[in-house]
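In the UniProt record's numbering, the protein residues as written are 1 to 459. Just so it is clear, CB atoms sit at the ideal spot from N, CA and C, and this is done for glycine as well.
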């Protein structure tokens with residue numbers, strides 16, 4: 001899609017240069033990516049598809065290498081796994097809270113230096129300075145971006161306009177620090193507040209959040225920031241990737257399964273799919289308890305578990321599946337976006353009962369493939385999952401206990417049963433595709449962000 005720059009009123013005659021600093025890796029070179037990495041990549045791709053706009057990006061990875069055929073992004077190479085805000089991630093168990101102060105300071109300084117060097121290189125090639133700087137997550141990248149703005153200004157360059165995209169995990173970390181969670185001793189909220197990056201708009205002209213609920217949470221953490229500069233940016237998906245693929249369980253599932261699970265796959269004709277990291281709040285235990293119930297009712301219905309986590313989490317959940325006697329539940333490991341689209345397309349329903357999911361990108365991706373969804377009535381999905389696209393079951397307060405997880409699983413199983421009996425794939429699936437196409441376009445999201453940046457840049 002070509003950007004109508006007159007419509008946005010940007011008024012530049014030269015190419016608009018945007019630099020983005022990512023917190024997580026993109027999905028390439030066989031490395032699984034979390035949602036924020038996928039979103040950053042989609043922003044980058046969409047911006048570079050627009051006339052008069054060019055995006056350059058950097059993101060961290062231990063495994064990936066710089067691309068040979070695309071000079072617009074670069075790897076911030078790590079010797080360790082990507083640091084994470086939470087306690088578990090598909091790619092890493094290396095937490096920010098486990099870093100020493102020296103390690104933390106060295107990370108931020110090296111990131112600052114590499115971003116500045118990359119920006120200088122690009123500006124020499126493009127013959128102009130960057131117009132905008134976008135940091136992802138209201139954490140280290142935002143603080144580093146503020147330092148970069150000041151550093152470049154001292155070097156005699158035009159003062160960059162910095163913006164931040166607030167993803168959920170850093171905010172969740174701050175909230176846990178405020179609540180006194182022993183796994184999250186107060187440290188990084190104090191650092192971020194002390195940096196002044198969100199003390200008004202001097203260092204950050206505006207922020208986007210991926211959920212209406214997160215505006216309040218962000219302002220609770222940073223009360224000095226003006227509410228009118230916090231905007232809900234409706235997440236878009238790549239609809240070239242996530243669309244109905246025409247795949248089927250009988251023809252296509254086996255190629256994605258482990259060799260030891262081929263007999264299980266052979267007994268399946270219909271499928272329920274879960275996608276998520278093996279963290280407690282994703283509530284895979286409730287998924288497995290649900291599978292025990294609905295697989296007993298439907299002899300041809302199976303369950304695909306897509307995702308991964310630390311070795312002890314993998315052992316825990318695979319062990320639970322065995323102890324429950326699940327005969328048609330298969331663990332597929334992490335999968336790329338193309339494979340996810342195939343799995344969603346062949347599934348009767350997507351099952352994602354997370355607790356207070358920050359946004360719920362996986363719901364949108366699933367629906368884009370014509371697959372209705374079942375989730376929990378908390379967090380971001382409450383803002384967009386309606387009866388026409390699926391259902392959200394009532395929360396279970398005691399979900400961390402085995403009894404609570406079983407009760408939640410029974411609620412989910414009841415809705416999966418209803419989805420099968422009422423053939424939601426046929427009755428709701430086409431509407432899911434239409435709903436996503438109308439409301440969750442990445443290009444439309446990026447156009448909105450560009451319009452925000454233009455407005456926020458006015459002095």
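Among the residues of its own chain, which have a CB less than 6 Å from the CB of residue i, if the five just before and after it don't count?
i, result
"residue 75", "61, 64, 66"
"residue 131", "16, 17"
"residue 93", "310"
"residue 207", "164, 166, 230"
"residue 411", "393"
"residue 408", "286, 396, 399"
"residue 440", "236, 237, 364"
"residue 264", "328, 330"
"residue 274", "287, 305, 351"
"residue 455", "none"
Please classify residue i as buried or exposed, where buried requires at least 16 other C-beta atoms within 10 Å of its C-beta.
i, result
"residue 180", "exposed"
"residue 190", "exposed"
"residue 2", "Its pLDDT being 34, under 50, residue 2 is placed unreliably by the model, and nothing is read from it."
"residue 401", "exposed"
"residue 185", "exposed"
"residue 227", "exposed"
"residue 23", "buried"
"residue 153", "exposed"
"residue 372", "buried"
"residue 322", "exposed"
"residue 354", "buried"
"residue 124", "exposed"
"residue 86", "buried"
"residue 10", "Residue placement at residue 10 is poorly supported in this model, since its pLDDT is 46, which falls under 50; the coordinates still yield a value, given next. By the 10 Å Cβ count, residue 10 comes out buried."
"residue 156", "exposed"
Taking residue i as the reference, give the member of the options with the closest Cα.
i, options, result
"residue 378", "366, 148, 80, 211", "211"
"residue 482", "438, 103, 209, 160", "Nothing can be reported for residue 482: it is not among the residues displayed for the chain, which extend from 1 to 459."
"residue 317", "285, 340, 337, 299", "285"
"residue 57", "218, 262, 41", "41"
"residue 225", "199, 203, 233", "199"
"residue 279", "134, 264, 306", "306"
"residue 376", "391, 364, 148, 188", "391"
"residue 336", "20, 238, 33, 78", "33"
"residue 438", "115, 216, 234", "234"
"residue 386", "137, 436, 253", "436"
"residue 158", "140, 187, 128", "128"
"residue 361", "220, 21, 36", "36"
"residue 324", "301, 296, 340", "296"
"residue 138", "83, 30, 168", "168"
"residue 110", "95, 177, 78", "78"
"residue 268", "260, 342, 358, 303", "303"
"residue 249", "301, 194, 383", "301"
"residue 414", "292, 449, 380", "292"
Specify the secondary structure class of residue i as computed by DSSP and reduced to three states.
i, result
"residue 80", "coil"
"residue 94", "coil"
"residue 28", "strand"
"residue 357", "strand"
"residue 420", "helix"
"residue 164", "strand"
"residue 456", "helix"
"residue 173", "helix"
"residue 281", "helix"
"residue 376", "strand"
"residue 16", "strand"
"residue 60", "strand"
"residue 33", "coil"
"residue 186", "coil"
Leaving aside the five residues before and after residue i along the sequence, list all residues of the same chain whose C-beta is less than 8 Å from its C-beta, in chain order.
i, result
"residue 405", "283, 285, 286, 289, 396, 399"
"residue 433", "243, 244, 367, 368, 369, 370"
"residue 446", "43, 46, 47, 50, 236"
"residue 453", "132, 161, 163, 205, 206"
"residue 238", "42, 45, 337, 442"
"residue 308", "32, 90, 277, 278, 314, 333, 334"
"residue 183", "87, 97, 176"
"residue 151", "112, 116"
"residue 126", "15, 17, 54"
Quick one: residues in its chain with C-beta nearer than 7 Å to the C-beta of residue i, no 5 flanking neighbours on either side, listed in chain order?
i, result
"residue 460", "Lying before the first or after the last residue shown, residue 460 is absent from the chain, which here runs from 1 to 459."
"residue 197", "142, 143, 146, 203, 204"
"residue 457", "161, 205"
"residue 339", "256"
"residue 217", "171, 175"
So does residue i have its beta carbon nearer than 7 Å to some heavy atom of the ligand PLP?
i, result
"residue 186", "In the structure on display, the ligand PLP does not appear, and there are no ligands present to speak of."
Please check the pair residue i and residue j, which I expect to be a contact at CB under 8 Å, by giving their CB distance rounded to whole angstroms.
i, j, result
"residue 113", "residue 59", "About 16 Å; that fails the 8 Å criterion."
"residue 388", "residue 428", "6 Å"
"residue 99", "residue 247", "Residue 99 to residue 247, Cβ: 43 Å. No contact."
"residue 298", "residue 270", "7 Å"
"residue 214", "residue 171", "6 Å"
"residue 72", "residue 108", "Incorrect: roughly 24 Å between the Cβ atoms, too far for contact."
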